[in-house]
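Numbering (full-length UniProt numbering), first residue to last: 1 to 139.
(1) Are residue 116 and residue 39 touching if we call contact CB-CB under 8 Å?
(2) Roughly how many angstroms separate the alpha carbons of residue 118 and residue 57, rounded to a whole number?
(3) Count the other C-beta atoms from every protein chain shown that fall within 10 angstroms of the C-beta of residue 16, then say buried if there are 16 or more, exposed otherwise.
(4) Classify residue 136: buried if its beta carbon has 16 or more other beta carbons within 10 angstroms, exposed otherwise.
(5) Quick check for students: name the residue ranges of the beta strand (DSSP E) that lie wholly in the stretch 53-98, counting only runs of 3 or more.
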């Protein structure tokens, strides 16, 4: 991973084999980023994504292999119990143009990933909401 800051935004390049969530967390720890908006494009070779089932309070996982374009990756960075907490969603297009989308559990870069991390003033935290079973933003 390499990056440069432009005003309140970091432009990040991730390379083949790097895990996108872990690299984002590393950037946020190193630069003390506490609240940010994330957007990215690129390609991955492995992906684990999920769709949340409210009744079961669990993610239905999908493991994907093969080179896929990141048609869009969006999300936020907050903190939970003092730790960096990325919340990302992705839309992926495979070689057959079949689209897969969902909550990011893990993504391995297949060619490159170009990410913009826009730092926001302030800080919010996350807390588990027992009724719905997910960690939600608390102001």
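The beta-carbon is built from N, C-alpha and C at its ideal position, and this holds for glycine as well.
Considering the structure as presented:
(1) yes
(2) 31 Å
(3) exposed
(4) exposed
(5) 58-80, 83-93
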